[in-house]
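Written out below as C-alpha cells is the structure these notes cover.
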Amino acid sequence: THAEGRAVIPASRIQVRYARPGGVEAGASYRYIEHVRRFGPLDEQPPAEVPVYVGGVPSRYALKSPGIPVVPGAVCPVWVTVNVPADAAPGRYTGTLTITAENEAPVAVPIELSVSAWRLPDTKDWRTFAEVIQSPETLAIAYEVPLWSDEHFRLIERSIRLVAQSGGPSVYIPLICETNLGNAESMVRWIRTPEGTYRHDFSVVERYLDLVGKYQGKPDVVCFWMWDTFLERSLGGRGDEKWNAGDVVKALKEAKGHGPEVTLLDPKTGETSKLELPMYIDPKSETLWKPLADELMRRMKKRGWLDVSMLGTMCDYQPSEPARRNLNRIFPNMPWVSHAHAHPRKDLPVGCAAVVWWEYHYYRDPSVAHVHGWKGDRLVVRFPRPMRPWFTPVQFRLVNELSLAAGYRGTARFGGDFFPALKDRRGRLRGTIAGRFPKSHWHNLRVEVNFLERGSHGAVSTADYEMFREGVQECEARIFIERALTDKTLRGKLGEDTVRRLQTMLDDRSRALRQGVATFVQSGHYAQHHTRPSSWWSHPGLIGAQWYVGSNWQHRSKALFDAAAEVAGKIGRR
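Residues in the sequence shown are numbered consecutively from 635, following this note's numbering.
Quick look at the structure:
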C-alpha cells in the first residue's frame, strides 16, 4: 500500500521464493568460523521441510577461536520480488509478509518498497546486450524427457521466459551435431526421400523460435551454428597436441577428413540417427545444404528476422577461406558470430563479436573520458571468460555496466540452464553438457557460468541471476540519462546546471562500480585492478565486493532511477 494511501500494488504482482543451499561462497574459509554454503537457487514453492545443519568441517578460524560457539540450525532465506506495474504511483509502499512454519508462531515481516517515477522499458526494447544462452538438451537430459516432446517444450518455455527477463538478445540454433554447446542433435532434421535426395523438417526450429518471439521479441542475433573447430582444426593447427588433453587430440585426429553430422529423421518411426555430410570445402556440400538454407532464409524473412540472422560460430579458430566461400554461397552475405579471445580478422564479415581482449581493454576514469559503449555502431560485446560460478553476486551485478563503461555494447556467453545434468559412474551429478564432446572442446572458452538452476518442475532463477538482472536494469536507466546528456537537443531541455549535476552523479557511480570489483593489491599482476578487466575477471575482487555491499549501494541505485525520472520529466519521455 502506498504510504499516502494513493495506490496499491496487488499481491498478484508479488513473487515469493525460497532459497535452498547451492553454489560456492568465494573466500568463505577466511570469513566464517564454520563451513558455509551459499543459498543460490530460488525455488518458487515453499519447501516441505528445511534441512537442519548439524555441523561440518570447521574453517581455519574456528581452530583459533575456541571461545566462539557455532550454533547449527535450519535456514531458508525468503526472497520477495515485486513486479511493479508500469502505471504505479511513485513513492514509498509498505506491506507485511507473514511466514508460518509447523509448530511455530506466525512471524509478520514488514516490507518496504520505494518506487521511482521512471518507467523501465520493456525487456524487448532494452539497449544493453546481456546474453544468457538457453540449452534445450540440458533440460531433456536433466528431467529425462524425450527430446522435442511436449513435456520438453514445456521445460524450454519456462527457461526462455527466465532468460528473457534479462533482455534475451540472442538465440542459437545448431544446424550440425556435437557443437561446443553440447547438443547431440541438429535442430533441423533431415529426411531421406525415395529418390535418394533429402527434405527437411523445420518443426523443431519453428516451435522454438515461436517461444523466443513470444518472450524475447525480435532478437539482435539469431545464430545458425553451421561450423565448429573440429571441421577444420583437425587439419592442423598451432600446438594441437601440446595444448589439448589426450581425449581431445584423439577426437580431433578421428575427425580429420570428415564433414559435419546432422540429425537424420525416420518420419515413420520417429527414430533419429546421424548423417555425415561432405566437408564444406567439398563442392558437393553446397548442393546438399542450399535447399535447407533457402527455406530457412525464407522462413526468417517471413518472421522479419532475416536481418539479424548470422552464421556461427567462430572462436580462436576460424573457417578456412575455401570453406567460407562455400558457406557464403549457401547463405549469401550472412555475417558471422565470433566468441574468441580477440576480434576476428577485419576481412571477415562479423555481425556479433564477443571478445575477451580488444581495443576497449581499459576502463577510463571519468575525469579522462566518458565512454558510452551502448553507442557502438558494431555489435562488439565483452566475453568475461574467466568469470566462474564462485564469483560474488556483486561482480554479476556490475559486469554489464562496467562493460558499457569500457566501450562494449554489453556481455555475452553466460549460460542460462547449463546446470549439471551429466552423471558420473556413481550416479552423481557432476558435469554440464557445454563442451562435452572432445572434438568441439574450446579450451577455456566454453560456457562456464549458468544463471539458472534445476527446480522441481523446470529451471528456476538464482541469487546471481537476480543480481545480473538488476544490473541490466540499472544499465538501462544509465543509458536513458546518458542519451539525454549527449544529445544536443535533449541536453538543451535539461539545462547545463542539471547536466553537470547528473554527470557528477554518474561519475561518482562509475568510480564506485570500479571500486566494487577491486582487489586493492598494490603490486604485481593485480596492481592495475581498477583499470584492467583482465585482473578482476581473472580473480574475484573479494575486498572490493565486501566494500561495495557496505557502501550504501541501494542509495546509489535509487539516485540513478530518480535521476532517470527527472530526465524523463524534462524531456517529455518516460
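C-beta atoms are modelled at their ideal positions from N, C-alpha and C, and glycine is treated no differently.
Rounded to whole angstroms, the gap between the alpha carbons of MET948 and VAL971 is 6 Å.
Around GLU736, the same chain offers no residue with a beta carbon nearer than 8 Å, after the five sequence neighbours per side are excluded. Restricted to the stretch 750-780, the beta strand (DSSP E) segments that are unbroken, complete and at least 3 residues in length are 763-767, listed in chain order. If you draw a straight line from the Cα of ALA722 to the Cα of LEU1036, it is about 30 Å long. When DSSP states are grouped into helix, strand and coil, SER1090 belongs to the coil group.
Per the coordinates, the alpha-carbon of VAL709 lies some 42 Å from the alpha-carbon of VAL855. Listed in chain order, the beta strand (DSSP E) runs fully inside the stretch 713-742 are 725-733, counting runs of at least 3 residues. Nearest Cα to VAL1083 within the set ARG1145, PRO1020, CYS1109, ASP1141: PRO1020.
Contact annotation: the stretch 1060-1077 touches the stretch 809-817, with at least three C-beta pairs closer than 8 Å.
With respect to CYS986, LEU1038 sits apart: the two C-beta atoms are not nearer than 8 Å. Annotated three-state conformation of ARG1143 is helix, per DSSP. Across the structure, GLY830 and SER907 are spaced so that their CA atoms are roughly 17 Å apart. Sorting PRO685, ALA988, GLU905 by C-alpha distance to the C-alpha of ARG826 places GLU905 at the top. Membership of LEU1063 in the beta strand (DSSP E) is indicated by the continuous run 1063-1065. Judged by pairs of C-beta atoms under 8 Å, the stretch 959-974 touches the stretch 909-928, as three or more such pairs exist.
Residue pairing by DSSP places GLY1041 in no beta bridge whatsoever. By the neighbour-count criterion, in which a residue is buried when 16 or more other Cβ atoms sit within 10 angstroms of its Cβ, ARG672 is buried.
Of all C-beta pairs linking the stretch 793-803 to the stretch 743-763, three or more are shorter than 8 Å, placing the two stretches in contact. Distances from the alpha-carbon of GLY891 to those of ARG1080, GLU910, ASN817 put GLU910 closest. Within its own chain, the residues whose Cβ lies closer than 7 Å to the Cβ of ARG1125, once the five positions on either side in sequence are excluded, are ALA1118, LEU1119, VAL1133, listed in chain order. Put simply, of VAL1106, VAL642, HIS1075 the residue whose alpha carbon is nearest the alpha carbon of TYR727 is VAL642. Of all C-beta pairs linking the stretch 1051-1062 to the stretch 740-747, fewer than three are shorter than 8 Å, placing the two stretches out of contact. Between the stretch 847-865 and the stretch 1090-1107 there are fewer than three C-beta pairs closer than 8 Å, too few to call the two in contact. Annotation note: the stretch 1097-1152 contains the following uninterrupted alpha helix (DSSP H) runs of length 4 or greater, listed N- to C-terminal: 1097-1120, 1122-1128, 1130-1149. The DSSP-derived three-state label of LEU899 is strand. DSSP places ASN1084 within a strand segment (E or B) once states are collapsed to three.
In its chain, beyond the 5 residues on either side, LEU676, LEU796, LEU1086 have a beta carbon closer than 7 Å to the beta carbon of SER1095.
Look at THR921 here: in three-state DSSP terms it is helix.
Contact between ALA1198 and PHE1114 holds, with the beta-carbon distance rounding to 5 Å and staying under 8 Å. Bridge partners of VAL984 according to DSSP: TRP970. PHE1052 is a Cβ neighbour of THR772, given a cutoff of 8 Å. Check the Cα spacing between ASP1121 and each of THR1066, TRP1187, ILE1205, GLN1188: the tightest is with ILE1205.
Between TRP1024 and GLU659, the alpha-carbon positions lie close to 6 Å from each other. In this model, HIS834 and PRO966 are separated by some 20 Å (Cα to Cα). Its chain contains ALA751, TRP752, ARG753, PHE1114, ARG1208 as the residues whose beta carbon lies nearer than 8 Å to that of ALA1202, once the 5 sequence neighbours on both sides are disregarded; these appear in chain order. At a Cβ-Cβ threshold of 8 Å, GLY661 and GLY674 do not count as neighbours.
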